[in-house]
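Colleague: Below you will find the structure I want to go over with you.
2 protein chains.
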Amino acid sequence: MKFVRDNISRLAGYVPGEQPQAGKFIKLNTNENPYPPSAKVVEAIQVAAEKLVRYPDPVSTAFRLAAGEALNVDPEWIICGNGSDDILTILTRSFVDQGDLIRLPNPSYILYRTLAEIQGANYQEVNFNDDWSLPESFSAADVGLKLVFLPNPNSPTGSVVSQEAILDLAERLPCPILIDEAYVDFADFNCIELVKQNSKIMVSRTLSKSYGLAGLRFGFLVAQPTIIQQLLKVKDSYNCDALSIAGATAAISDQQWLQENVAKIKSTRQLMQEKLTQLGFDIIPSQANFVWCTHPTAQVKSIYEYLKENRILVRYMSYPNWEEGLRISVGTDEQINACLSLIQSKV
Amino acid sequence: MKFVRDNISRLAGYVPGEQPQAGKFIKLNTNENPYPPSAKVVEAIQVAAEKLVRYPDPVSTAFRLAAGEALNVDPEWIICGNGSDDILTILTRSFVDQGDLIRLPNPSYILYRTLAEIQGANYQEVNFNDDWSLPESFSAADVGLKLVFLPNPNSPTGSVVSQEAILDLAERLPCPILIDEAYVDFADFNCIELVKQNSKIMVSRTLSKSYGLAGLRFGFLVAQPTIIQQLLKVKDSYNCDALSIAGATAAISDQQWLQENVAKIKSTRQLMQEKLTQLGFDIIPSQANFVWCTHPTAQVKSIYEYLKENRILVRYMSYPNWEEGLRISVGTDEQINACLSLIQSKV
Chain R
680 MKFVRDNISR
690 LAGYVPGEQP
700 QAGKFIKLNT
710 NENPYPPSAK
720 VVEAIQVAAE
730 KLVRYPDPVS
740 TAFRLAAGEA
750 LNVDPEWIIC
760 GNGSDDILTI
770 LTRSFVDQGD
780 LIRLPNPSYI
790 LYRTLAEIQG
800 ANYQEVNFND
810 DWSLPESFSA
820 ADVGLKLVFL
830 PNPNSPTGSV
840 VSQEAILDLA
850 ERLPCPILID
860 EAYVDFADFN
870 CIELVKQNSK
880 IMVSRTLSKS
890 YGLAGLRFGF
900 LVAQPTIIQQ
910 LLKVKDSYNC
920 DALSIAGATA
930 AISDQQWLQE
940 NVAKIKSTRQ
950 LMQEKLTQLG
960 FDIIPSQANF
970 VWCTHPTAQV
980 KSIYEYLKEN
990 RILVRYMSYP
1000 NWEEGLRISV
1010 GTDEQINACL
1020 SLIQSKV
Chain B
680 MKFVRDNISR
690 LAGYVPGEQP
700 QAGKFIKLNT
710 NENPYPPSAK
720 VVEAIQVAAE
730 KLVRYPDPVS
740 TAFRLAAGEA
750 LNVDPEWIIC
760 GNGSDDILTI
770 LTRSFVDQGD
780 LIRLPNPSYI
790 LYRTLAEIQG
800 ANYQEVNFND
810 DWSLPESFSA
820 ADVGLKLVFL
830 PNPNSPTGSV
840 VSQEAILDLA
850 ERLPCPILID
860 EAYVDFADFN
870 CIELVKQNSK
880 IMVSRTLSKS
890 YGLAGLRFGF
900 LVAQPTIIQQ
910 LLKVKDSYNC
920 DALSIAGATA
930 AISDQQWLQE
940 NVAKIKSTRQ
950 LMQEKLTQLG
960 FDIIPSQANF
970 VWCTHPTAQV
980 KSIYEYLKEN
990 RILVRYMSYP
1000 NWEEGLRISV
1010 GTDEQINACL
1020 SLIQSKV
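Chains as they are written, first to last, in my numbering: chain R, 680 to 1026; chain B, 680 to 1026.
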């Protein structure tokens, strides 16, 4: 296709996890929540659906006020996005020139590479240490480095880097670092307070996982106001629609729902980890709503395929210079038991 | 802000029309529809609101099937966006390298300039001829030209360029041309058939205006499949949410609602044009849901301010090397009569 930019023409394109639109599947492949969202979300959307004739609030004020209260952050420190993928795109377009460098850990979220490629930038993948900490080189001030992505908890591992290590990283880096906290509500700590301590630290969140709202597309970023003001210039004018703003505001205002939901997921996660270990898998203790598992002898790809034949979707993943494995989202106890029974027959 | 790209730091940022979030205004400033959308849209959203726990269909299949039927286009020729602004962003990121050139007519949609600036590209504004046709230079094959934007009908003028002129343009241009048909449902013709005749012609649409769904954020592009396949790599994976896909699908499937709505708007537009002419304004016969008017003696900026004091918002616009004027959206007959009564007292 001769008219497109060379970097786009070369691009394979990011392939999201399978989203079957028909048929009944147990979906444990894209880390969605197995439970429906707060009933208050549905109510708020139904009210907003009657008022779609007007453009939405360009800066999602209602959500920023509610999130500010829930997270103890000034609303001026928040920018909202059409999913946290939109936030990642906005950051890339704000900080990274064509030919510049983006750093990310390996293994991590594949989309970071795609974002670099679309921007016409280079990316550098730095392998985690064996204990899932980051090596010294992750903080190196390489030429052209303009943005660092760090998912924390990480996917597909579910592992975390400590607050101390992140603060230390930010002090040494020559550029901003995004702590992608898509899964943080399932973890033992988060990094929002660090944003106040170092202007290079930014934290993104999504409502897709812990709030059960993958279909709503809503995410946000917490960063210092001097950064937020620049990002507002780059986002699409009306990047969040009136329905998602209303639903997201209701969701983040219902912290009790969140706590109860997270407690259930953590309980099932514990069960999963124990049973997978009993089945001979090597697992990394997870701080997210999924478990990464590898097996010393069984063929994980054929397990993935066998599960799919039986209408259970998990994520098979294979990264360069790293082992292949399965990332299994935490479902309901019933879904997980069904999945583990099938796996048991194949190991 | 030292970390952001120079082009972003320099950028003033696009300022959308005022969207007061509180208080009662007659809003005639952002070309929203004065009538509520089809009741089928609200129903579809209420059903979809119960199923937000899953990610949406990444390629909005339901909408593409319905739009394909309504517009007589193969669904493979359609890509959907989070509003047509998202489509404009995707096109810019797909075709335009840093330092390349984007062409647009003057006056037209200010956002095109902003998109060029965010991409780090240059833009070239070509003035319309006095009769609102385009000069020869609009089709020149300048060095680095990678994308041409042509709103048709144009804003703020409401004027159109003929199909013949557009086909001729596309044949001479060295790059793709986007025909931005945000307002086309209020016009006498559209350019979708031209997409089949020349692979450089692409047509974008939005549901914000003629479908009364500005709050929903849904737009789409019609282009040849070789282009669509490239654009799919650049869009965010889940750029349209489950609610907007459901609402947009219901909207485009209800063509009877559209026809009735458009008939009402055209009738009010005719009334507006006659009365504005009686009040001494110069108007351009509009093919859109707004009327552009200038006045030989009255101060249009003070009229804008007077209307705003009286809680009626219209758009005051002033372009470089062009006259200042008011762009007044077509409201209900009652809203327009209220607006014109106030104007009458100031001219």
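Yeah, the Cβ is synthetic: ideal placement off N, Cα and C, and Gly gets one too.
Here the structure is a predicted model, which is why all the values come from computation and not from measurement.
1. In whole angstroms, give me the CA-to-CA distance for Asn1030/R and Gln908/R.
2. So, is the C-beta of Leu911/R closer than 8 Å to a C-beta in chain B?
3. According to a CB-to-CB cut-off of less than 9 Å, which residues of the region 817-831 of chain R neighbour chain B?
4. Okay, do the region 818-826 of chain B and the region 774-794 of chain B touch, 3+ Cβ pairs below 8 Å being the bar?
5. How would you list, in chain order, the residues of chain B whose beta-carbon sits under 9 Å from the beta-carbon of Phe969/R?
6. If we ignore side chains and look at the alpha-carbon of each, how far apart do Leu829/B and Ser889/B end up?
7. Along chain B, in chain order, which residues have C-beta atoms closer than 7 Å to that of Val683/R?
8. Leaving out five residues before and five after Ala927/B in sequence, what residues of the same chain have Cβ atoms less than 6 Å from its Cβ?
9. Can you find a heavy atom of the ligand SAM that lies under 7 Å from the Cβ of Leu707/R?
10. Kindly list, in the order they appear in chain R, the residues whose Cβ is closer than 9 Å to that of Asn918/B.
11. Could you pull the start and end residues of the alpha helix (DSSP H) that Met680/B belongs to?
12. Which residue marks the beginning of the alpha helix (DSSP H) containing Ile944/R, and which one marks its end?
13. Which two residues bound the contiguous alpha helix (DSSP H) that contains Val720/B?
14. Can you check DSSP and say which residues form a bridge with Trp756/B?
15. Considering only C-alpha positions, which residue in the set Ile724/B, Lys730/B, Glu729/B, Lys943/B is nearest to Ala728/R?
16. How about Lys1025/B and Tyr985/B: are their beta carbons less than 8 Å apart?
17. Lys825/B by DSSP, collapsed to three states: which one?
18. Quick one: using the 10 Å Cβ neighbour count with 16 as the cut-off for buried, is Gln966/B buried or exposed?
19. Does any C-beta atom of chain R lie closer than 8 Å to the C-beta of Ile724/B?
20. Does DSSP classify Gly1004/B as helix, strand or coil?
21. I'd like to know if Gln1014/B contacts chain R, where contact means its C-beta is closer than 8 Å to some C-beta of that chain.
22. Locate the beta strand (DSSP E) running through Pro784/B, then write down its first and last residues.
23. Against chain R, with Cβ distances strictly below 8 Å, would Thr709/B count as a contact?
24. For Asp859/R, which residues does DSSP report across the bridge?
25. Go to Cys972/R, then tell me how far its beta strand (DSSP E) extends in each direction, as first and last residue.
26. What in chain R is Cβ-close to Met951/B, meaning under 7 Å?
27. Is the region 864-882 of chain R close to the region 685-704 of chain R, with three or more CB pairs under 8 Å?
28. Among Asp821/R, Phe969/R, Asp961/R, Thr1011/R, which has the Cα closest to the Cα of Val979/R?
29. Let me know the secondary structure DSSP gives Tyr983/B once reduced to three states.
30. Under 8 Å, with one C-beta from each stretch per pair, do the region 754-773 of chain B and the region 805-818 of chain B reach the 3-pair mark?
31. Near Ala795/R, which residues of its chain fall below 6 Å by C-beta distance, leaving aside the five closest residues on each side in sequence?
32. When the distance is taken between beta carbons, is Thr947/R closer than 8 Å to Ile1015/R?
33. Among Tyr791/R, Ala718/R, Tyr734/R, which residue has its Cα nearest to the Cα of Gly696/B?
34. Mind pulling the chain B residues with CB within less than 9 Å of Thr905/R?
35. Buried or exposed: Gln935/B, going by 16 or more other Cβ atoms within 10 Å of its Cβ?
36. So what does DSSP say about Asn801/R, is it helix, strand or coil?
Modeller: Quick answer:
1. Here chain R has residues from 680 to 1026 only, and residue 1030/R is not among them.
2. Nearest CB-CB separation between Leu911/R and chain B: below the 8 Å threshold.
3. If the cut-off is 9 Å between Cβ atoms, the region 817-831 of chain R has Lys825, Leu826 near chain B.
4. These segments touch.
5. Within chain B, no residue comes near Phe969/R; the closest Cβ sits about 15 Å away, beyond 9 Å.
6. Cα to Cα, Leu829/B sits roughly 19 Å from Ser889/B.
7. The contacting residues are Ser773, Phe774, Gln909.
8. Scanning its chain for C-beta atoms nearer than 6 Å, with the 5 sequence neighbours on each side dropped, one finds around Ala927/B the residues Phe742, Leu886, Phe897, in chain order.
9. Although the ligand SAM was asked about, the structure shown includes no ligands whatsoever.
10. Those are Asn761, Gly762, Asp764, Asp765, Arg896, listed as they occur along chain R.
11. Here Met680/B belongs to no alpha helix (DSSP H), and DSSP marks it neither H nor E.
12. Its alpha helix (DSSP H) spans residues 934-957.
13. Note, Val720/B: alpha helix (DSSP H), 718-727.
14. Trp756/B pairs with nothing; no bridge assigned.
15. If we check each option's Cα against that of Ala728/R, Ile724/B comes out closest.
16. Contact flag set, yes.
17. Three-state result, Lys825/B: strand.
18. With 16 or more Cβ atoms within 10 Å of its Cβ, Gln966/B is classed as buried.
19. So, interface residue.
20. Reduced to three states, the DSSP call for Gly1004/B is strand.
21. False, the Cβ-Cβ gap to chain R never drops below 8 Å.
22. Counting along the chain, Pro784/B sits inside the beta strand (DSSP E) bounded by residues 780-785.
23. Interface residue, yes.
24. Under DSSP, the beta-bridge partners assigned to Asp859/R are Pro830/R, Ser883/R.
25. Here the beta strand (DSSP E) through Cys972/R covers 969-973.
26. Per Cβ cutoff of 7 Å: no residues; Met951/B is ~19 Å from chain R at best.
27. When C-beta atoms of the region 864-882 of chain R are compared with those of the region 685-704 of chain R, fewer than three pairs fall below 8 Å, so the two segments do not count as touching.
28. If we check each option's Cα against that of Val979/R, Asp961/R comes out closest.
29. It is helical.
30. Judged by Cβ distances under 8 Å, the region 754-773 of chain B makes no contact with the region 805-818 of chain B, as fewer than three pairs qualify.
31. Hits under 6 Å: Ile781, Tyr802.
32. For Ile1015/R and Thr947/R, yes; Cβs fall inside 8 Å.
33. Out of Tyr791/R, Ala718/R, Tyr734/R, Tyr734/R has the C-alpha closest to the C-alpha of Gly696/B.
34. Listed along chain B, the residues sitting closer than 9 Å to Thr905/R by beta-carbon distance are Met680.
35. Exposed.
36. Here Asn801/R sits in strand by DSSP.
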